[in-house]
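Just below is one structure, and these are the notes that go with it.
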Amino acid sequence: MYDGGGVFTKRNIMIEQILHIEIETCLLELYSAKNQNIQFQKTRKEFDGDVTLVVFPLLRVSKKGPEQTAQEIGHFLKEGVKEVCSFNVVKGFLNLSISSEFWFNQFKIAYNTEEFGIQEAKKDDPTYLVEYCSPNTNKPLHLGHIRNNLLGYSVSEILKASGKNVKKVQIINDRGIHICKSMIAWKKYGNGETPETSGIKGDHLVGKYYVEFDKYYKKEISELISSGMEEKQAEKEAPIFIQAQEMLRKWESKDEETVALWKKMNQWVYDGFEVTHKRLGVDFDKNYYESDTYLLGKKVVEIGLDKGVFYKKEDGSVWIDLSDEGLDEKIILRSDGTAVYMTQDIGTAIQRQEDFSFSNMAYTVGNEQDYHFKVLFLILDKLGYDWAKNCYHLSYGMVDLPTGKMKSREGTVVDADDLMEDMVQTSKSIAKDLGKLDGLSDKAADDLYEMIGLGALKYFILKVDPRKKMMFDPKESIDFNGHTGPFIQYTFARIQSLVSKYNSEISDIKFVNIKKEEQNLIKQILDFPSVIQEAATNYSPALIANYIYDLVKGYNSFYQNITILGEENDELKNFRVALSEKVALIIKDSMNLLGVEVPNQM
RNA sequence: GGCUCUGUAGCUUAACUGGAUAGAGCACCUGACUACGGAUCAGGAGGUUGGGGGUUCGACUCCCUCCAGAGUCACCA
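Here the numbering used here = 1-based position in the first sequence + 168.
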């Protein structure tokens with residue numbers, strides 16, 4: 169969960185580092201105490217001050233009441249630390265006010281730092297692998313995949329920004345009975361239909377035949393039942409089902425015709441996925457295919473047997489006993505010698521270690537597989553791979569709909585392509601109603617609708633803590649008021665407009681007296697670096713999303729209450745434009761970490 | 001049934017990992033464009049954080065116990 173460097177990344181903005189050192193000296197002098205738990209938090213807005221020291225943990229060494237302890241430390245800091253200009257005590261909380269000169273100077277440094285908060289990875293920085301998407305090739309992507317893709321992509325970008333080398337990978341489930349079902353249905357009832365002849369996107373076309381399969385399968389079952397067969401028997405003996413199984417056997421024995429059909433239909437799916445991925449704005453550095461990796465696990469099994477981690481039953485199947493860890497026995501290899509999912513995952517993990525020498529790996533997979541990954545990491549650890557402890561299951565909750573659960577068999581799935589298109593169309597109609605896009609070319613306007621529609625979707629999904637199940641309400645997600653992506657995009661666009669109306673160049677920023685609103689905004693800006701680090705260690709885009717929202721609210725309040733371009737003092741005006749510009753840059757950089765773009769006009 | 005996760009305003013959700021009076025948005029009320037974009041801002045109302053115990057200076061957060069929901073426990077993936 170924490171990076172290996174032992175770096176203390178939490179809330180490490182400059183002022184807390186300074187105060188930390190000073191307070192250590194203070195505690196030593198006043199109470200001869202060392203190595204105390206020094207706890208800071210931001211001062212709540214209803215109190216005076218910028219940084220608050222929680223003194224309760226220090227009462228042990230001060231041997232005095234909270235009020236008095238806080239007073240003593242407060243006096244010491246006010247006397248000895250130039251940044252501390254005043255303090256007050258409320259119960260056990262010491263609120264410290266930091267001089268506006270300090271904040272101003274910090275802002276100046278941030279302003280002059282390009283890509284403030286973002287840390288470029290060097291070659292020998294650790295490499296993180298992020299697996300996400302990992303689809304089956306028998307049907308198109310749906311809403312659940314969207315959450316998966318957005319999370320995986322965003323986490324990758326956040327890790328990059330936190331100074332890690334990152335590789336995005338996916339494993340494509342391209343073999344097995346599911347794809348054979350589509351294949352057999354297409355072969356029997358497809359009449360040679362292709363994406364070209366039908367105009368249907370490849371993944372949707374293959375999905376169509378997966379549904380067809382199910383239709384004929386059910387029909388055959390009921391026919392068999394009405395002719396007197398037991399249901400279970402019928403499910404096994406339905407001709408189309410037997411044909412699908414036969415096809416899988418043919419595929420496994422590398423039957424030429426079957427492999428050719430498999431390749432053709434999978435290619436349709438890949439072409440379709442590519443369109444979806446592109447529109448969604450996600451990409452991958454390397455794809456792994458199950459048809460390549462499903463044989464990998466066998467080597468591993470031998471290693472495991474040699475080490476005594478696994479054991480063989482009489483029928484030849486291979487198992488691991490995890491009952492000491494409070495889990496059960498788990499099968500690693502079937503008695504017929506074929507691999508199960510777990511075998512493959514072990515093999516793939518090791519393969520990836522050979523490919524990338526990663527230090528950490530994150531799997532973006534829904535929480536219904538929590539148990540699977542718990543077991544997987546445990547097995548890798550038992551096999552003696554020291555990187556196993558750095559594997560992380562980025563487990564996310566299901567996406568529910570207001571209408572109920574998403575079930576593919578009941579046809580209540582929200583298709584990814586349809587959803588994106590709906591979002592874009594909605595943003596189009598709203599933007600047209602508002603009529604602010606005069607002077608934009610058709611192309612530029614279309615790009616904008618795309619940006620807003622997808623921005624709304626992405627922000628809505630990413631702002632929720634990944635672990636929690638979430639409710640996706642299409643209506644609410646396209647509401648452009650409130651805590652939404654378009655709200656943030658709007659603020660960005662408005663700043664662009666403001667900055668472009670500022671006639672002069674932003675000159676060297678001179679010290680000016682800043683107001684409370686401005687100081688608050690500066691503090692929010694200075695939080696950005698630690699927010700990135702925190703989001704990275706927690707694998708949580710939601711932390712970024714919520715940070716941006718707070719920043720934007722802070723800015724809008726400033727914007728609404730303080731004149732910027734109307735300010736007569738040139739240095740003050742210069743500062744306020746610079747402040748606005750910096751906020752815009754952070755909005756842009758942080759939104760990009762979510763995979764969301766921001767427009768100059770909307 | 002065993003194990004895991006979730007439960008916060010009518011709805012969607014935050015809470016710096018144990019800190020101050022639990023923050024926001026939607027919806028509902030009240031105000032604000034003779035300043036830079038009103039897709040905005042200022043304010044009001046709305047909470048026994050599922051219930052009950054415990055730990056402590058202090059609990060949405062940790063422990064126990066119920067209640068409700070979800071997932072998982074296959075020679076499925």
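The beta carbon of each residue, even a glycine, is placed where N, CA and C say it ideally should be.
Exercise. What distance in whole Å lies between the Cβ atoms of G465 and I514, which are believed to be in contact at a cut-off of 8 Å?
Worked result: Your numbering for residue 514 matches position 346 in the first sequence. Your numbering for residue 465 matches position 297 in the first sequence. Contact holds; Cβ gap of about 6 Å.
Problem set entry | N256 - containing beta strand (DSSP E), residue span | As a position in the first sequence, residue 256 is number 88, starting the count at 1. For N256, the enclosing beta strand (DSSP E) starts and ends at V252 to V258.
For this session: Would you kindly report the start and end of the unbroken alpha helix (DSSP H) that includes K600?
Result: Reading the first sequence from its first residue, position 432 is the one you call residue 600. Run containing K600: A584 to L602, per the alpha helix (DSSP H) assignment.
Exercise. Rounded to whole angstroms, how far is the Cβ of Q204 from the Cβ of V229, which I believe are closer than 8 Å?
Worked result: Reading the first sequence from its first residue, position 36 is the one you call residue 204. Reading the first sequence from its first residue, position 61 is the one you call residue 229. With a Cβ gap of about 6 Å, Q204 and V229 count as contacting.
Problem set entry | Beta-carbon gap between I732 and I656 smaller than 8 Å | Here residue 732 refers to the residue found at position 564 of the first sequence. Here residue 656 refers to the residue found at position 488 of the first sequence. Taking 8 Å as the Cβ cut-off, I732 and I656 do not qualify as a contacting pair.
Problem set entry | Neighbourhood of F381 by C-beta, 6 Å cutoff - its chain only, sequence neighbours within 5 removed | Here residue 381 refers to the residue found at position 213 when the first sequence is read from its first residue. Answer for F381: K349 and A353, listed in chain order.
Exercise. Three or more beta-carbon pairs under 8 Å between the region 397–415 and the region 623–630, yes or no?
Worked result: No, the region 397–415 does not touch the region 623–630.
For this session: Give the single residue among F648, K213 and D568 whose Cα lies nearest to the Cα of D601.
Result: Locating residue 601 in the first sequence gives position 433, where the first residue counts as 1. Just measuring C-alpha positions, the residue of F648, K213 and D568 sitting nearest D601 is F648.
Exercise. Going by C-alpha distance, which of V469, E403, G217 and V764 is nearest T516?
Worked result: As a first step, residue 516 must be located in the first sequence, where it is residue number 348. Of the listed residues, the one whose Cα sits closest to T516 is V469.
Exercise. Near F452, which residues of its chain fall below 7 Å by C-beta distance, leaving aside the five closest residues on each side in sequence?
Worked result: Walking along the first sequence from the start, residue 452 turns up at place 284. Result list for F452: K336, V337 and Q338, in chain order.
Problem set entry | Reduced DSSP secondary structure (H/G/I, E/B, other) of C301 | For the purposes of this step, residue 301 is identified with residue 133 of the first sequence, where counting begins at 1. Coil at C301, not helix or strand.
Exercise. Using the beta-carbon count (16 or more within 10 Å), is K387 buried or exposed?
Worked result: Counting from 1 along the first sequence, the entry for residue 387 is found at position 219. Exposed is the call here.
Problem set entry | Enclosing alpha helix (DSSP H) for N455 [first to last residue] | Locating residue 455 in the first sequence gives position 287, counting from the first residue. N455 -> not in any alpha helix (DSSP H); beta strand (DSSP E) instead, spanning K454 to Y457.
For this session: With DSSP collapsed to three states, give me the class of E405.
Result: Counted from its first residue, the first sequence places residue 405 at position 237. Three-state DSSP puts E405 in a helix.
For this session: Would you check if the distance between the CB atom of G484 and the CB atom of F478 is smaller than 8 Å?
Result: For this step, residue 484 is matched to residue 316 along the first sequence. For this step, residue 478 is matched to residue 310 along the first sequence. Not in contact: G484 and F478 (Cβ atoms no closer than 8 Å).
Exercise. Are A329 and K750 closer than 8 Å when you measure CB to CB?
Worked result: Start at 1 with the first residue of the first sequence, and residue 329 comes out as number 161. Start at 1 with the first residue of the first sequence, and residue 750 comes out as number 582. No; because the gap between Cβ atoms is not below 8 Å, this pair is not in contact.
Exercise. Under three-state DSSP, which class holds G763?
Worked result: Residue 763 sits at position 595 when you count from the first residue of the first sequence. Three-state result, G763: coil.
Exercise. Helix or strand or just coil, what does DSSP make of H188?
Worked result: The residue you call residue 188 lines up with position 20 of the first sequence. In this structure, H188 counts as helix in the three-state DSSP scheme.
Problem set entry | Rounded C-alpha distance that separates M566 from H313 | Position 398 of the first sequence, counted from the start, is the residue given in the question as residue 566. Position 145 of the first sequence, counted from the start, is the residue given in the question as residue 313. For M566 and H313, the gap between their C-alpha atoms comes out near 10 Å.
Exercise. Could you give the distance in angstroms between the alpha-carbon of S395 and the alpha-carbon of A406?
Worked result: Start at 1 with the first residue of the first sequence, and residue 395 comes out as number 227. Start at 1 with the first residue of the first sequence, and residue 406 comes out as number 238. One C-alpha to the other measures close to 12 Å.
For this session: List the endpoints of the continuous alpha helix (DSSP H) containing A556.
Result: The count along the first sequence starts at 1 and reaches residue 556 at position 388. In the DSSP assignment, A556 falls outside any alpha helix (DSSP H), carrying neither H nor E.
Problem set entry | Distance between K431 and D523 (C-alpha atoms, nearest Å) | Numbered from its first residue, the first sequence carries residue 523 at position 355. Numbered from its first residue, the first sequence carries residue 431 at position 263. Their backbone Cα atoms lie some 25 Å apart in a straight line.
Problem set entry | Cut-off 7 Å between Cβ atoms - residues of its own chain near N317, not counting five sequence neighbours on either side | For the purposes of this step, residue 317 is identified with residue 149 of the first sequence, where counting begins at 1. Leaving aside the five residues that flank N317 on each side, the residues in its chain whose CB is nearer than 7 Å to its CB run, in chain order, Y300, C301, L448 and V450.
Exercise. Residue ranges of each beta strand (DSSP E) run of no fewer than 3 residues wholly in the region 428–468, ordered along the chain?
Worked result: List check, beta strand (DSSP E) in window: 454–457.
Exercise. Sorted by chain position, which residues of the same chain lie with C-beta nearer than 7 Å to I598's C-beta, five sequence neighbours on each side aside?
Worked result: Position 430 of the first sequence holds residue 598. Within the same chain, Cβ atoms closer than 7 Å to the Cβ of I598 are found at F648, the five residues on either side in sequence being excluded.
Problem set entry | Alpha-carbon spacing of F284 relative to P697, whole angstroms | Indexing the first sequence from 1 puts residue 284 at position 116. Indexing the first sequence from 1 puts residue 697 at position 529. One C-alpha to the other measures close to 7 Å.
For this session: Just tell me which of K210, T220, K475 and R315 has its CA closest to the CA of F640.
Result: One-based indexing of the first sequence puts residue 640 at position 472. It is R315.
For this session: Using the Cα positions of V592 and W555, report the straight-line distance between them to the nearest angstrom.
Result: For the purposes of this step, residue 592 is taken as residue 424 along the first sequence, with counting starting at 1. For the purposes of this step, residue 555 is taken as residue 387 along the first sequence, with counting starting at 1. V592 and W555: Cα-Cα distance of roughly 43 Å.
Exercise. Given 8 Å as the limit, is there contact between the region 541–548 and the region 485–504, that is, 3 or more CB pairs closer than that?
Worked result: Yes, the region 541–548 is in contact with the region 485–504.
Exercise. Bridge partners of S265, per DSSP?
Worked result: Here residue 265 is taken as the residue at index 97 of the first sequence, counted from 1. For S265, which the question treats as bridged, DSSP gives the partners S254.
For this session: Please go through the region 692–762 and give each complete alpha helix (DSSP H) segment of 4 or more residues, from N-terminal end onward.
Result: 709–729 and 738–761, all fully within the region 692–762.
Problem set entry | N-terminal and C-terminal residue of the alpha helix (DSSP H) that T237 is part of | The residue labelled residue 237 in the question sits at position 69 within the first sequence. Note, T237: alpha helix (DSSP H), P234 to G248.
For this session: Assign F743 to buried or exposed, taking buried as 16 or more other Cβ atoms, counted over all protein chains shown, within 10 Å of its Cβ.
Result: Reading the first sequence from its first residue, position 575 is the one you call residue 743. Classification of F743: buried, given that the 10 Å Cβ count is 16 or more.
For this session: Could you round the C-beta distance between L462 and R343 to whole angstroms and report it? I think they count as a contact, below 8 Å.
Result: The count along the first sequence starts at 1 and reaches residue 462 at position 294. The count along the first sequence starts at 1 and reaches residue 343 at position 175. Sequence check: residue 462 is Tyr here, not Leu. Contact between Y462 and R343 holds, since their C-beta atoms are separated by about 7 Å, short of 8 Å.
Exercise. Ends of the beta strand (DSSP E) at L501?
Worked result: Position 333 of the first sequence, counting from 1, holds the residue named residue 501. That run of the beta strand (DSSP E) goes E497 to L501.
Problem set entry | Endpoints, the beta strand (DSSP E) within which I340 is located | To locate residue 340, count along the first sequence from 1; it is residue 172. That run of the beta strand (DSSP E) goes N333 to I340.
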